[in-house]
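In this note's numbering, the protein residues as written are 1 to 240. The block underneath contains the structure these notes are about, expressed in structure tokens.
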């Protein structure tokens with residue numbers, strides 16, 4: 001074999017290796033780009049869900065705090081309405097206006113929460129996450145959402161129907177107790193909403209970036225959402 005032939009073979013081999021190397025680099029680069037784009041998209045989706053979750057949690061916190069204040073304020077109003085001597089007509093109108101304004105504020109906030117939660121569930125279903133309406137975690141959250149919806153509606157109905165003149169102390173104490181019971185159901189939803197956010201973070205951020213997984217403390221005595229669905233871990237309550 002002549003020197004020219006050897007040179008040609010080496011050149012062809014080098015060209016072949018160069019092409020193979022370019023192809024490997026291209027495929028590897030394409031995969032990295034796709035992975036980077038997916039990671040970026042997943043982060044944006046997660047950020048959207050995170051912002052919505054925080055907004056709902058903040059509004060629920062404001063709502064329940066306002067309910068507790070409202071319960072105390074209305075007790076004061078009722079006491080004055082039923083005081084002896086009775087309040088003047090002007091003072092009664094002021095008390096009735098206070099009751100109406102505060103109650104309207106509570107009802108309005110309750111409706112706003114229901115609207116935002118409904119939109120949140122829609123986004124969760126359509127955003128490209130793995131937590132669509134057929135997913136176990138989505139169904140579990142929907143169950144707690146429906147309980148919270150009923151609780152908000154019950155609170156709204158009870159306070160709107162409150163009769164300042166004819167409500168007795170005993171009736172008001174029952175209303176106060178019922179309101180606290182409904183608030184517990186709303187708090188259950190808040191906790192489960194945070195659980196859902198952990199699952200979304202683990203599925204879209206942690207596993208793709210090798211970050212630590214966020215675990216749910218399953219020894220807590222509360223309703224929670226696990227990979228298996230809704231779990232009622234309160235004392236004396238059967239698990240779901």
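Glycine included, every Cβ here is placed at the ideal spot set by N, Cα and C. These numbers were taken from a predicted model, which means no experiment stands behind them.
- With 16 or more other Cβ atoms from the protein chains shown falling within 10 Å of its own Cβ, residue 42 counts as buried.
- Annotation: residue 44 to residue 67 spans about 35 Å, alpha carbon to alpha carbon.
- Non-local C-beta neighbours of residue 214 in its own chain, meaning closer than 8 Å and more than five positions away in sequence, comprise 198, 201, 202, 206, ordered along the chain.
- Excluding the 5 residues flanking it on each side, residue 192 has same chain C-beta neighbours closer than 8 Å at 140, 141, 144, 223, 224, 225, 230, in chain order.
- Distance from the CA atom of residue 122 to the CA atom of residue 116, rounded to whole angstroms, is 10 Å.
- Of all alpha-carbon atoms in 190, 82, 59, the one lying nearest the alpha-carbon of residue 163 is that of 82.
- DSSP, read as helix, strand or coil, puts residue 209 in helix.
- With a 10 Å radius around the Cβ and a threshold of 16 neighbouring Cβ atoms, residue 173 comes out exposed.
- Boundaries of the alpha helix (DSSP H) around residue 124: 89-126.
- Taking a cut-off of 8 Å for Cβ pairs, the segment 74-94 and the segment 52-65 do not touch, as fewer than three such pairs fall below it.
- Under the 10 Å beta carbon count, residue 228 is surrounded by fewer than 16 other beta carbons and is classified as exposed.
- Remark: three or more beta-carbon pairs, one from each stretch, lie closer than 8 Å, so the segment 146-160 and the segment 174-192 are flagged as touching.
- Rounded to whole angstroms, the Cβ separation of residue 73 and residue 102 is 6 Å, and the two are in contact under 8 Å.
- Restricting attention to 169, 130, 125, 175, the CA atom closest to the CA of residue 160 is found in 175.
- Boundaries of the beta strand (DSSP E) around residue 230: 229-232.
- In the three-state scheme derived from DSSP, where H, G and I count as helix and E and B as strand, residue 47 is classed as helix.
- By the criterion of a C-beta distance shorter than 7 Å, residue 75 is surrounded in its chain by 172, once the five residues flanking it on both sides are discounted.
- Residue 46 is not a Cβ neighbour of residue 109, given a cutoff of 8 Å.
- As DSSP reads the structure, residue 223 sits in a beta bridge with 232.
- Within the same chain, 218, 219, 220, 221, 222, 223, 224, 239 come within 8 Å of residue 233 by CB-CB distance, once the 5 residues on both sides are set aside.
- Within the segment 153-179, complete beta strand (DSSP E) segments of at least 3 residues are not found at all.
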